[in-house]
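**Student:** In the working numbering, the protein residues as written are 32 to 387.
Glycine included, every Cβ here is placed at the ideal spot set by N, Cα and C.
Please read these numbers as outputs of a predicted model, since none were measured by experiment.
Dropping the structure in here first, questions after.
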């Protein structure tokens, strides 16, 4: 059952729920690792570029079908499909391997965009493409038309598309997949309004798998009331670790019922700190696989995006880079595991049914 989102009027209320402090210290003996670079022939380049762009107009749009992928034998394996986007609508799922587009080997960027622009000047291409993908040893096809959009907007839209509430017996469980965390005031207001649709849910699944972005205290305000949740960061110049409040929260309808947070190795940046902060609440269970441990900054140049590890940033006095968040319940879900079953989601439902 799809969630109906109903705007509600809330009185102004200055948030007083979260104590955040910045402590200046050094991680003795920390050795900076080399980081990594992303080039314009990867989807991740356009994701990070869009989140780092100083203005809306500088986010690079491209034709895409709404997937995250990793190189695999014979093609690219889908690691996630954005709700409401062409791949998801066409039935392409996590674990499928995309092999060809219009008879040519699939490339995540250049199958739908000309490869002679340097990745900085794509134009809309609303043509229909035949996509061939492998699932459990069988070759499937689907005809689809890519969207022309920057990935910041796509992740924001997919987050709202993901929201649903479904009945189980006499209980109702809500679900939201935070594809991207944004500190933009307009995004936070829209999210607050949408979250009001979970008022009658008895439990909530917050899916942070394959999630990226920047955490605001306003995100936490939606889930914490009369609790003192804090974490300290040793480097308040770290744009991921320095949590900001974009506006005085009006989220009076805080979700205070049991929550399960799903994480995996592609949970990065502010999404990891979101999981870390929520995990301190007794009614929250983290589940899945260890997060990436990547809260460092990115530098964006015309032909490359470079990640700089936050080796000397401590969270709650402990190293976080390459460590990440370890879930309370470890449930493996390899990307190569095909089929419609999602053992992490199913385990999350079981946890909630045992608590609501």
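(1) Can you give the beta carbon distance from residue 333 to residue 300, rounded, assuming they're within the 8 Å contact cut?
(2) Going by DSSP, what residues sit across from residue 292 in a beta bridge?
(3) For residue 318 versus residue 293, is the C-beta spacing smaller than 7 Å?
(4) Is there contact here, the region 201-221 with the region 155-175, by at least three beta-carbon pairs under 8 Å?
(5) Would you tell me roughly how many angstroms separate the C-alpha atoms of residue 347 and residue 374, rounded to the nearest one?
(6) So what does DSSP say about residue 167, is it helix, strand or coil?
(7) Which residues does DSSP pair with residue 95 in a beta bridge?
(8) DSSP on residue 392, reduced to helix/strand/coil?
(9) On the DSSP letters alone, give me the boundaries of the beta strand (DSSP E) that residue 195 sits inside.
(10) Of the residues 231, 222, 265 and 239, which one's Cα is nearest the Cα of residue 252?
(11) Can you find the residues in the same chain that come closer than 6 Å, C-beta to C-beta, to residue 55, ignoring five residues on each side of it along the sequence?
(12) DSSP on residue 361, reduced to helix/strand/coil?
(13) Taking the alpha-carbon positions, what's the residue 100 to residue 108 distance?
(14) Would you say the region 180-191 touches the region 74-90, given that touching needs at least three Cβ pairs under 8 Å?
(15) Taking residue 250 as the reference, which of 97, 225, 266 and 234 has the closest Cα?
(16) Would you call residue 315 buried or exposed, if buried means 16 or more other Cβ atoms sit within 10 Å of its Cβ?
(17) State the Cα-Cα distance for the pair residue 247 and residue 264, rounded to the nearest angstrom.
(18) Could you tell me whether the Cβ atoms of residue 339 and residue 66 are closer together than 7 Å?
(19) What does a CB cutoff of less than 8 Å around residue 270 pick up in its chain, not counting 5 residues either side in sequence?
(20) Can you tell me the Cα-Cα spacing of residue 313 and residue 198, whole angstroms?
(21) For residue 212, which of helix, strand or coil comes out of DSSP?
(22) With a threshold of 8 Å on Cβ separation, who are the neighbours of residue 120 within its own chain once the five nearest residues in sequence on each side are excluded?
**Tutor:** The relevant details are as follows:
(1) Reading the chain shown from its first residue, position 302 is the one you call residue 333. Reading the chain shown from its first residue, position 269 is the one you call residue 300. Actually they do not touch by this definition, with Cβ atoms about 23 Å apart.
(2) As a first step, residue 292 must be located in the chain shown, where it is residue number 261. Residue 292 is bridged to 237 and 317.
(3) Walking along the chain shown from the start, residue 318 turns up at place 287. Walking along the chain shown from the start, residue 293 turns up at place 262. A contact, by the Cβ cut-off of 7 Å.
(4) no
(5) Position 316 of the chain shown, counting from 1, holds the residue named residue 347. Position 343 of the chain shown, counting from 1, holds the residue named residue 374. Straight-line Cα distance between these residues: approximately 31 Å.
(6) Here the question's residue 167 lines up with position 136 in the chain shown. Here residue 167 sits in coil by DSSP.
(7) The residue labelled residue 95 in the question sits at position 64 within the chain shown. Beta-bridge pairing links residue 95 to 178.
(8) This structure cannot speak to residue 392, because the chain is shown only from 32 to 387.
(9) Taking the chain shown and counting its residues from 1, the one referred to as residue 195 is at position 164. Here the beta strand (DSSP E) through residue 195 covers 195-199.
(10) Taking the chain shown and counting its residues from 1, the one referred to as residue 252 is at position 221. When each option's Cα is compared against that of residue 252, the closest is 222.
(11) Position 24 of the chain shown, counting from 1, holds the residue named residue 55. Any answer about residue 55 is weak, because its pLDDT of 24 lies below 50 and its placement is not dependable; what the coordinates show is given next. Hits under 6 Å: none found.
(12) Taking the first residue of the chain shown as 1, we reach residue 361 at position 330. Three-state result, residue 361: strand.
(13) Residue mapping note: residue 100 aligns to position 69 of the chain shown, counting from 1. Residue mapping note: residue 108 aligns to position 77 of the chain shown, counting from 1. Rounded to whole angstroms, residue 100 to residue 108 spans 5 Å at the Cα level.
(14) yes
(15) Walking along the chain shown from the start, residue 250 turns up at place 219. The residue with the shortest Cα to Cα distance from residue 250 is 225.
(16) As a working note, residue 315 is residue 284 in the chain shown. Under this definition residue 315 is a buried residue.
(17) Translated into the one-based positions of the chain shown, residue 247 becomes position 216. Translated into the one-based positions of the chain shown, residue 264 becomes position 233. Going by the C-alpha atoms only, they are around 14 Å apart.
(18) Here residue 339 refers to the residue found at position 308 of the chain shown. Here residue 66 refers to the residue found at position 35 of the chain shown. Yes, the Cβ-Cβ distance between residue 339 and residue 66 is below 7 Å.
(19) Indexing the chain shown from 1 puts residue 270 at position 239. The residues are 245 and 328.
(20) In the chain shown, residue 313 corresponds to position 282, counting from 1. In the chain shown, residue 198 corresponds to position 167, counting from 1. Taking the straight line joining both Cα atoms gives about 24 Å.
(21) Position 181 of the chain shown holds residue 212. DSSP places residue 212 in strand when its eight states are reduced to three.
(22) Within the chain shown, the letter at position 89 stands for residue 120. Answer for residue 120: 175, listed in chain order.
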